[in-house]
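Peer 1:
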Amino acid sequence: MTPHTLPKTFTVGYGDVTKVAIGGTEPLVYIGGPCAIESRDHALMMADRISTICTRLNVPWIYKSCYDKDCRSSPDSFHGIGLEKGLEILSEVRREFGVPVVSDFSVPDWAAATGEVCDLVQVPAYLCRQTTILKAAAATGRPVHLKKGQYMSPWNMKNSVRKLEAAGCYEVLLTDRGTFLGYNMQVNDMTCFPIMAQTGYPVCFDGTHSIQMPTSMGNISGGQREFIPHLVRAATACGINALFMETHDNPPAALSDANTVLDIQYLENILSQAQIVHTTRLEILEKFGEDNVHPPS
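The sequence shown maps to residues 253 to 549 in the numbering used here.
Structure (structure tokens):
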């Protein structure tokens, strides 16, 4: 990999939605929404509230919510409303709010339909090494949101990136969502961002999954939401291009990730802080030059 430089920029959005540029010195992008699509009415309500906040702050954003949560810890957990109905709802969000949308997919056969609707297709963290998933994501022709597996080192993400490139995809967003430390615990290594940026692609921080305590409550995951603001400030200062935070209007009642989703009442505060840190970092780079004062040999 080459020494760290500001990553290249690509644009998310097709058709009539507002295009979102990610990378380089572009504004910090917010990616968020409920973890899982719970219903049409809930999805539209959440999109409306997020849109109001992001418009007020002038934050470019992408609506994220999944139609099938295939990685849930329990067979009794809510796994989603399904491919067809979920994509219909995401399509309506696109039309109603003029915003790009993203969902992950867990089965290669779901990729084509996902790419027909979604402006950005997401590869789940647990599947980030799966060649068939990566090939299917690349085949959609959409930019790919590639989440780093909790079991992966940041420098090994280049191998997944090379698989995408070999399949014809050169628009990739790399996201860190924490790294396993022993049982039921994750840590956040801020060197992930400059290391993953060495691939040449923009990087993102997942501020809600990173505070997850996987299956710490038996058959569901716990979390430490109180640390989201701290980690967001730190990650933004380390040089991210996008901020991913799943958001809900009533976290205790959320059908997926109830213990980690951000309460929407705090979204504006955290995005405002992240904006300030992002702008300040770019000003520091402009004044003092590149971060890497000791280039790798």
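Cβ coordinates follow ideal geometry from the N, Cα and C atoms, glycine included.
Going by Cα to Cα distance, which pick from 421, 505, 530 and 536 is closest to residue 294?
Peer 2: On the sequence shown, residue 294 is found 42 positions in, with the first residue counted as 1. The shortest Cα separation from residue 294 among 421, 505, 530 and 536 belongs to 505.
Peer 1: When you compare only the Cα positions, how much space is there between residue 534 and residue 285?
Peer 2: On the sequence shown, residue 534 is found 282 positions in, with the first residue counted as 1. On the sequence shown, residue 285 is found 33 positions in, with the first residue counted as 1. Taking the straight line joining both Cα atoms gives about 27 Å.
Peer 1: If you check the beta carbons only, do residue 319 and residue 349 fall under 9 Å apart?
Peer 2: Taking the sequence shown and counting its residues from 1, one reaches residue 319 at position 67. Taking the sequence shown and counting its residues from 1, one reaches residue 349 at position 97. Not closer than 9 Å, so no.
Peer 1: On the three-pair Cβ rule with 8 Å, is the stretch 374-386 touching the stretch 352-361?
Peer 2: yes
Peer 1: Three-state secondary structure (DSSP) at residue 300?
Peer 2: Along the sequence shown, read from residue 1 onward, the residue named residue 300 stands at position 48. Of the three classes helix, strand and coil, the one that applies to residue 300 here is helix, per DSSP.
Peer 1: Could you round the C-beta distance between residue 282 and residue 311 to whole angstroms and report it? I think they count as a contact, below 8 Å.
Peer 2: If you number the sequence shown from 1, residue 282 lands on position 30. If you number the sequence shown from 1, residue 311 lands on position 59. About 5 Å separates the two Cβ atoms, so the contact holds.
Peer 1: Measure the C-alpha to C-alpha separation of residue 404 and residue 443 and round it to an integer number of angstroms.
Peer 2: Locating residue 404 in the sequence shown gives position 152, where the first residue counts as 1. Locating residue 443 in the sequence shown gives position 191, where the first residue counts as 1. Approximately 13 Å between the Cα atoms of the pair.
Peer 1: Note down the Cα distance separating residue 523 from residue 539, rounded to an integer number of angstroms.
Peer 2: Residue 523 sits at position 271 when you count from the first residue of the sequence shown. Residue 539 sits at position 287 when you count from the first residue of the sequence shown. Their backbone Cα atoms lie some 24 Å apart in a straight line.
Peer 1: Could you tell me the alpha carbon to alpha carbon distance between residue 427 and residue 406, rounded to whole angstroms?
Peer 2: As a position in the sequence shown, residue 427 is number 175, starting the count at 1. As a position in the sequence shown, residue 406 is number 154, starting the count at 1. Distance between the alpha carbons of residue 427 and residue 406: 10 Å.
Peer 1: Where does residue 530 land, buried or exposed, given buried means 16+ other C-beta within 10 angstroms?
Peer 2: As a first step, residue 530 must be located in the sequence shown, where it is residue number 278. Residue 530 comes out buried.
Peer 1: How many Å lie between residue 457 and residue 498 at the Cα?
Peer 2: Start at 1 with the first residue of the sequence shown, and residue 457 comes out as number 205. Start at 1 with the first residue of the sequence shown, and residue 498 comes out as number 246. Using only the alpha carbons, I get a separation of about 12 Å.
Peer 1: DSSP three-state label for residue 330, please.
Peer 2: Reading the sequence shown from its first residue, position 78 is the one you call residue 330. Three-state result, residue 330: coil.
Peer 1: Please classify residue 444: does DSSP put it in a helix, a strand, or coil?
Peer 2: The residue given as residue 444 occupies position 192 in the sequence shown. It is helical.
Peer 1: What are the residues that DSSP puts in a beta bridge with residue 431?
Peer 2: Reading the sequence shown from its first residue, position 179 is the one you call residue 431. In DSSP, residue 431 forms a bridge with 439.
Peer 1: Quick check on the DSSP output: what are the complete alpha helix (DSSP H) runs of length 4 or more inside the stretch 341-392, in order along the chain?
Peer 2: Taking only runs of at least 4 residues, the alpha helix (DSSP H) segments lying wholly in the stretch 341-392 are 363-369 and 383-391.
Peer 1: For residue 207, is the classification buried or exposed, using 16 other Cβ atoms within 10 angstroms of its Cβ as the cut-off for buried?
Peer 2: There is no way to answer for residue 207, as the model of the chain reaches only from 253 to 549.
Peer 1: What separation, rounded to the nearest whole angstrom, lies between the Cα atoms of residue 480 and residue 515?
Peer 2: Residue mapping note: residue 480 aligns to position 228 of the sequence shown, counting from 1. Residue mapping note: residue 515 aligns to position 263 of the sequence shown, counting from 1. Their backbone Cα atoms lie some 11 Å apart in a straight line.
Peer 1: State the start and end residues of the unbroken beta strand (DSSP E) segment that holds residue 397.
Peer 2: Numbered from its first residue, the sequence shown carries residue 397 at position 145. It spans 396-399 - the beta strand (DSSP E) in which residue 397 sits, taken as one unbroken run.
Peer 1: Within the continuous beta strand (DSSP E) that includes residue 283, where are the two ends?
Peer 2: Numbered from its first residue, the sequence shown carries residue 283 at position 31. Start and end: 281-285.
Peer 1: Quickly, what does DSSP pair residue 500 with across the bridge? List them, please.
Peer 2: One-based indexing of the sequence shown puts residue 500 at position 248. For residue 500, which the question treats as bridged, DSSP gives the partners 515.
Peer 1: Along the chain, where does the alpha helix (DSSP H) that runs through residue 480 open and close?
Peer 2: Translated into positions along the sequence shown, residue 480 becomes position 228. Residue 480 -> alpha helix (DSSP H) spans 480-489.
Peer 1: Would you call the stretch 432-449 and the stretch 290-307 touching, i.e. three or more CB-CB distances under 8 Å?
Peer 2: no
Peer 1: Leaving aside the five residues before and after residue 387 along the sequence, list all residues of the same chain whose C-beta is less than 7 Å from its C-beta, in chain order.
Peer 2: Along the sequence shown, one-based indexing puts residue 387 at 135. For residue 387, where only same-chain residues beyond five positions count, the Cβ hits under 7 Å are 419.
Peer 1: For residue 307, does the three-state DSSP call read helix, strand or coil?
Peer 2: Within the sequence shown, the letter at position 55 stands for residue 307. In this structure, residue 307 counts as helix in the three-state DSSP scheme.
Peer 1: Could you please give me the residues that DSSP links to residue 425 through a beta bridge?
Peer 2: Along the sequence shown, read from residue 1 onward, the residue named residue 425 stands at position 173. 397, per the DSSP bridge assignment.
Peer 1: In the DSSP assignment, find the unbroken alpha helix (DSSP H) run with residue 410 in it and report its ends.
Peer 2: Within the sequence shown, residue 410 is the residue found at index 158, counting from 1. For residue 410, the enclosing alpha helix (DSSP H) begins and ends at 409-418.
Peer 1: Among residues of its own chain, excluding the 5 on either side of residue 254, which ones have a beta-carbon nearer than 8 Å to its beta-carbon?
Peer 2: The count along the sequence shown starts at 1 and reaches residue 254 at position 2. A caution first: residue 254 carries a pLDDT of 43, below 50, which makes its placement in the model too unreliable to give a value.
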